[in-house]
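What follows is a single structure, written as structure tokens, with notes after it.
There are 2 protein chains.
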Amino acid sequence: MPIPLTETNVRSDNRAMSSLRASRLRAAKAILPPSSVPDGTRRRILEVALQFFANEGFHGTSVRDLAKALDLQPSALYAHFPSKDHVLAELVRVGHEVHASALRAALIGVCDDPIEQICALVRAHALVHATYPHLAVVVNEEIYALTAELAAPALAIRAQSMALLHGVLERGVAMGRFSLPDKAATAAALSAIGVRIPYWYEPSGALSLDALADVHVELSLRMLRAYRSPDGKKV
Amino acid sequence: MPIPLTETNVRSDNRAMSSLRASRLRAAKAILPPSSVPDGTRRRILEVALQFFANEGFHGTSVRDLAKALDLQPSALYAHFPSKDHVLAELVRVGHEVHASALRAALIGVCDDPIEQICALVRAHALVHATYPHLAVVVNEEIYALTAELAAPALAIRAQSMALLHGVLERGVAMGRFSLPDKAATAAALSAIGVRIPYWYEPSGALSLDALADVHVELSLRMLRAYRSPDGKKV
DNA sequence: CGGGTTACTGAACGATCGTTCGTTCAGATC
DNA sequence: GATCTGAACGAACGATCGTTCAGTAACCCG
Numbered sequence: 001m002p003i004p005l006t007e008t009n010v011r012s013d014n015r016a017m018s019s020l021r022a023s024r025l026r027a028a029k030a031i032l033p034p035s036s037v038p039d040g041t042r043r044r045i046l047e048v049a050l051q052f053f054a055n056e057g058f059h060g061t062s063v064r065d066l067a068k069a070l071d072l073q074p075s076a077l078y079a080h081f082p083s084k085d086h087v088l089a090e091l092v093r094v095g096h097e098v099h100a101s102a103l104r105a106a107l108i109g110v111c112d113d114p115i116e117q118i119c120a121l122v123r124a125h126a127l128v129h130a131t132y133p134h135l136a137v138v139v140n141e142e143i144y145a146l147t148a149e150l151a152a153p154a155l156a157i158r159a160q161s162m163a164l165l166h167g168v169l170e171r172g173v174a175m176g177r178f179s180l181p182d183k184a185a186t187a188a189a190l191s192a193i194g195v196r197i198p199y200w201y202e203p204s205g206a207l208s209l210d211a212l213a214d215v216h217v218e219l220s221l222r223m224l225r226a227y228r229s230p231d232g233k234k235v
Numbered sequence: 236m237p238i239p240l241t242e243t244n245v246r247s248d249n250r251a252m253s254s255l256r257a258s259r260l261r262a263a264k265a266i267l268p269p270s271s272v273p274d275g276t277r278r279r280i281l282e283v284a285l286q287f288f289a290n291e292g293f294h295g296t297s298v299r300d301l302a303k304a305l306d307l308q309p310s311a312l313y314a315h316f317p318s319k320d321h322v323l324a325e326l327v328r329v330g331h332e333v334h335a336s337a338l339r340a341a342l343i344g345v346c347d348d349p350i351e352q353i354c355a356l357v358r359a360h361a362l363v364h365a366t367y368p369h370l371a372v373v374v375n376e377e378i379y380a381l382t383a384e385l386a387a388p389a390l391a392i393r394a395q396s397m398a399l400l401h402g403v404l405e406r407g408v409a410m411g412r413f414s415l416p417d418k419a420a421t422a423a424a425l426s427a428i429g430v431r432i433p434y435w436y437e438p439s440g441a442l443s444l445d446a447l448a449d450v451h452v453e454l455s456l457r458m459l460r461a462y463r464s465p466d467g468k469k470v
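Printed below as a string of structure tokens:
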């Protein structure tokens, strides 16, 4: 039913027997944000798991897959994580943390105009999803493979970020700077356009990271009927 | 990193031991479009598989899970499908078919004004995702679990639907009816807001299906700077 | 009434799953 | 130099995976 109406990356290319599975992401190499996890074997495990979980899914990845890619025995992973579940939980937690930090950081250098605040949030939202597409996909798709206990830390962070967005929207509407057809659906729309970035955007393509963020800011302002010069019409 | 900035449905509720897995969808019951598959055991299998694949994922669902829910032996499924893969492939194909049919049907009763055409497409896109959320999720998330061969029929349909959207956008821009910051990103945005519907929308909530579609049409027109009355400003 | 097709059972197959265990070994500490 | 610690190995655990297969009951068509 869906057809996201975006390209899909099924490897129907020249490659071998062609009975390969599709790859979920356009970006090749999975990158974990530099300072989010200290160097060492634990970080290597998380990086490899990020690559696998993003492309094959949590249930589609075996501990032996990870071990082979790490050039380790499967049992060696258990010196660093108590279970496969905990590896995913840590990725999901780190992902939420990185995202929430980006949103908070974007707001601190900004005046208290709701329009400027929305621009900052949308820009950060887009940049994070475009810069760390694997992490974004794992956080958004694979969190459902976690038990409630293991997902809880991430969900707590998520609730805060949601509150941040809704607060700005609320205030913008109250001040008459925004005009939305429906609050919940519009908030979902602002979120959605960022969340889907990993599935189509290629940083090496025509659109630079900055330009992508600019486009998303523009589209968001249009959805809110918000105009940046405080007096009148037109961007 | 992501935080879709929408609610998540992790069952942290009262339930038992609480070490349950999260459920991906807000809607409880999985519905397969009535006329898309004839009645019989084959349809029952697809319906149960739709429920499981949407909530637990393809790799998170075993053939025994399906058999138990169907009150059958695992081996009985192989009288109807040659493999577990083929069950998913059929769901993905049907889903794409339903979506593409909805898009095509939406266009036939409409004049050749790009604005009216975009409204029809966006409305159909939203309605299909809101009406059949399980199918939408399986098509968009689990297609990556298929081999290139099995995904091919669905991908062919997807390419057509993409062409439909891009064609209307292209023509609208050429005629000066649309003004977009970036064609690829805007097309992706139009698609994204529909694709994310299953993750937050509840048909039983405040927003009716029709109202949801109206909101999406409005948001889309804003993103395109398209105004419905052919002469001037304002919706 | 008899022969064939279809849908299903129940048992079993080899493979792979996540995880545990006893052991080894390098490097830090005393 | 003795002791301890942490990381990693290699083998193995029971469980579960997708799938196969012989057998059976029910049905259709002649």
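So the sequences go chain by chain: A and B. Here the first sequence is numbered in our numbering, starting from 1 and rising by one per residue. Here the second sequence is numbered in our numbering, starting from 236 and rising by one per residue. Here a beta-carbon is modelled for each residue, glycine too, at the ideal position from N, C-alpha and C.
#1: Let's see if you can read the secondary structure: which residues bound the alpha helix (DSSP H) around K303(B)?
#2: Strictly below 7 Å CB to CB, what residues from chain A border T276(B)?
#3: Report the neighbours of P416(B) on chain A: residues whose CB is nearer than 8 Å to its CB, in chain order.
#4: I'd like to know whether the C-beta of Y462(B) is nearer than 9 Å to at least one C-beta of chain A.
#5: May I ask you to report which of helix, strand or coil DSSP gives R21(A)?
#6: For the putative contact between G95(A) and L121(A), defined by C-beta atoms under 8 Å, what is the C-beta separation to the nearest angstrom?
#7: Examine chain A for any beta-carbon lying closer than 9 Å to the beta-carbon of R431(B), and answer yes or no.
#8: Taking the CB atoms as reference points, tell me whether L456(B) and L415(B) lie closer together than 9 Å.
#9: Could you tell me which residues DSSP pairs with T382(B) in its beta bridges?
#10: Return no unless some Cβ of chain B is closer than 9 Å to the Cβ of F58(A).
#11: Of all Cβ atoms in chain B, is any one closer than 9 Å to the Cβ of A211(A)?
#12: How long is the line joining the alpha carbons of L426(B) and A76(A), rounded to whole angstroms?
#13: Please state the DSSP three-state secondary structure of P74(A).
#14: If you compare alpha carbons, which of A184(A), A185(A) and L169(A) is closest to F178(A)?
#15: What did DSSP end up calling L442(B) once you bin it into helix, strand or coil?
#16: Count the other CB atoms within 10 Å of the CB of Q286(B); is the residue buried (16 or more) or exposed (fewer)?
#17: Can you confirm whether R21(A), when its beta carbon is compared against all beta carbons of chain B, has any partner nearer than 9 Å?
#18: Can you tell me whether Y434(B) is helix, strand or coil according to DSSP?
#19: Report yes or no: is there a C-beta of chain A within less than 9 Å of the C-beta of M410(B)?
#20: What residues in its chain sit with their C-beta under 8 Å from that of T147(A), if we drop five residues either side in the sequence?
#21: If you run the structure through DSSP and keep just helix, strand and coil, what is L212(A)?
#22: With a threshold of 9 Å between beta carbons, is A192(A) in contact with chain B?
#23: Please confirm if E170(A) has its CB atom under 9 Å from at least one CB of chain B.
#24: Measure how close the beta-carbons of Y201(A) and L212(A) come, nearest whole angstrom, since I'm counting them as under 8 Å.
#25: Flag L5(A) as yes if its beta-carbon sits less than 9 Å from any beta-carbon of chain B, otherwise no.
#26: Taking only the alpha-carbon atoms, compute the straight-line gap between D113(A) and A424(B) and give it to the nearest angstrom.
#27: Assuming Q160(A) contacts A105(A) under a Cβ cut-off of 8 Å, what Cβ separation, rounded to an integer in Å, is found between them?
#28: Does any C-beta atom of chain B lie closer than 9 Å to the C-beta of L88(A)?
#29: Taking A359(B) as part of the alpha helix (DSSP H), name the residues at either end of that continuous run.
#30: Using beta-carbon positions only, say whether G40(A) and E142(A) come within less than 9 Å of one another.
Walking through what the data contain:
#1: Mapped onto the second sequence, residue 303(B) falls at position 68. V298 to L305 is the extent of the alpha helix (DSSP H) around K303(B).
#2: Residue mapping note: residue 276(B) aligns to position 41 of the second sequence, counting from 1. By Cβ distance, chain A contributes nothing, its closest Cβ being about 23 Å from T276(B), past 7 Å.
#3: Sequence index remark: in the second sequence, residue 416(B) carries index 181 (1-based). Neighbours of P416(B) on chain A, chain order: D214, V215, E218 and L219.
#4: As a working mapping, residue 462(B) is identified with position 227 in the second sequence. Chain A places no beta carbon closer than 9 Å to that of Y462(B), leaving this residue out of the contacts.
#5: Locating residue 21(A) in the first sequence gives position 21, where the first residue counts as 1. For R21(A), the secondary structure class from DSSP, reduced to helix, strand or coil, is strand.
#6: As a working note, residue 95(A) is residue 95 in the first sequence. As a working note, residue 121(A) is residue 121 in the first sequence. G95(A) to L121(A), Cβ: 17 Å. No contact.
#7: Within the second sequence, the letter at position 196 stands for residue 431(B). Taking Cβ atoms only, chain A reaches closer than 9 Å to R431(B), which makes this a yes.
#8: Within the second sequence, residue 456(B) is the residue found at index 221, counting from 1. Within the second sequence, residue 415(B) is the residue found at index 180, counting from 1. Going by C-beta atoms, L456(B) is not nearer than 9 Å to L415(B).
#9: To locate residue 382(B), count along the second sequence from 1; it is residue 147. R21(A).
#10: The residue given as residue 58(A) occupies position 58 in the first sequence. Using a CB distance cut-off of 9 Å, F58(A) counts as an interface residue toward chain B.
#11: One-based indexing of the first sequence puts residue 211(A) at position 211. By this cut-off, A211(A) is an interface position.
#12: Your numbering for residue 426(B) matches position 191 in the second sequence. Your numbering for residue 76(A) matches position 76 in the first sequence. Reading off the sequence shown, one finds Ser at residue 426(B), where the question assumed Leu. Distance between the alpha carbons of S426(B) and A76(A): 43 Å.
#13: For this step, residue 74(A) is matched to residue 74 along the first sequence. In the structure shown, P74(A) sits in a helix (DSSP, three-state: H, G or I).
#14: As a first step, residue 178(A) must be located in the first sequence, where it is residue number 178. Closest option to F178(A), Cα to Cα, is L169(A).
#15: In the second sequence, the residue the question calls residue 442(B) occupies position 207. Coil.
#16: Along the second sequence, one-based indexing puts residue 286(B) at 51. Counting Cβ neighbours within 10 Å, Q286(B) comes out buried, since at least 16 surround it.
#17: For the purposes of this step, residue 21(A) is taken as the residue at position 21 of the first sequence. Answer yes: the Cβ-Cβ gap between R21(A) and chain B drops below 9 Å somewhere.
#18: On the second sequence, position 199 is the one that residue 434(B) refers to. DSSP, read as helix, strand or coil, puts Y434(B) in helix.
#19: Numbered from its first residue, the second sequence carries residue 410(B) at position 175. Chain A places no beta carbon closer than 9 Å to that of M410(B), leaving this residue out of the contacts.
#20: Numbered from its first residue, the first sequence carries residue 147(A) at position 147. Within the same chain, and ignoring the five residues on either side of T147(A) in sequence, the residues whose Cβ sits closer than 8 Å to its Cβ are D85.
#21: The sequence position of residue 212(A) within the first sequence is 212, counting from 1. Residue state, collapsed to three classes: helix.
#22: Reading the first sequence from its first residue, position 192 is the one you call residue 192(A). Yes, because at least one Cβ of chain B sits closer than 9 Å to the Cβ of A192(A).
#23: Counted from its first residue, the first sequence places residue 170(A) at position 170. Answer no: the Cβ-Cβ gap between E170(A) and chain B never drops below 9 Å.
#24: In the first sequence, the residue the question calls residue 201(A) occupies position 201. In the first sequence, the residue the question calls residue 212(A) occupies position 212. About 6 Å separates the two Cβ atoms, so the contact holds.
#25: The sequence position of residue 5(A) within the first sequence is 5, counting from 1. Since pLDDT at L5(A) reaches only 48, below the 50 mark, its modelled position is unreliable, and no value is offered.
#26: Taking the first residue of the first sequence as 1, we reach residue 113(A) at position 113. Taking the first residue of the second sequence as 1, we reach residue 424(B) at position 189. Our two residues, D113(A) and A424(B), have alpha carbons roughly 25 Å apart in a direct line.
#27: The count along the first sequence starts at 1 and reaches residue 160(A) at position 160. The count along the first sequence starts at 1 and reaches residue 105(A) at position 105. No, Q160(A) and A105(A) are not in contact; Cβ-Cβ is about 14 Å, not under 8 Å.
#28: Numbered from 1 along the first sequence, position 88 holds the residue referred to as residue 88(A). It does not; no Cβ of chain B falls within 9 Å.
#29: The residue labelled residue 359(B) in the question sits at position 124 within the second sequence. Segment P349 to T366, the alpha helix (DSSP H) holding A359(B).
#30: Here residue 40(A) is taken as the residue at index 40 of the first sequence, counted from 1. Here residue 142(A) is taken as the residue at index 142 of the first sequence, counted from 1. Between G40(A) and E142(A), the C-beta spacing is not below 9 Å.
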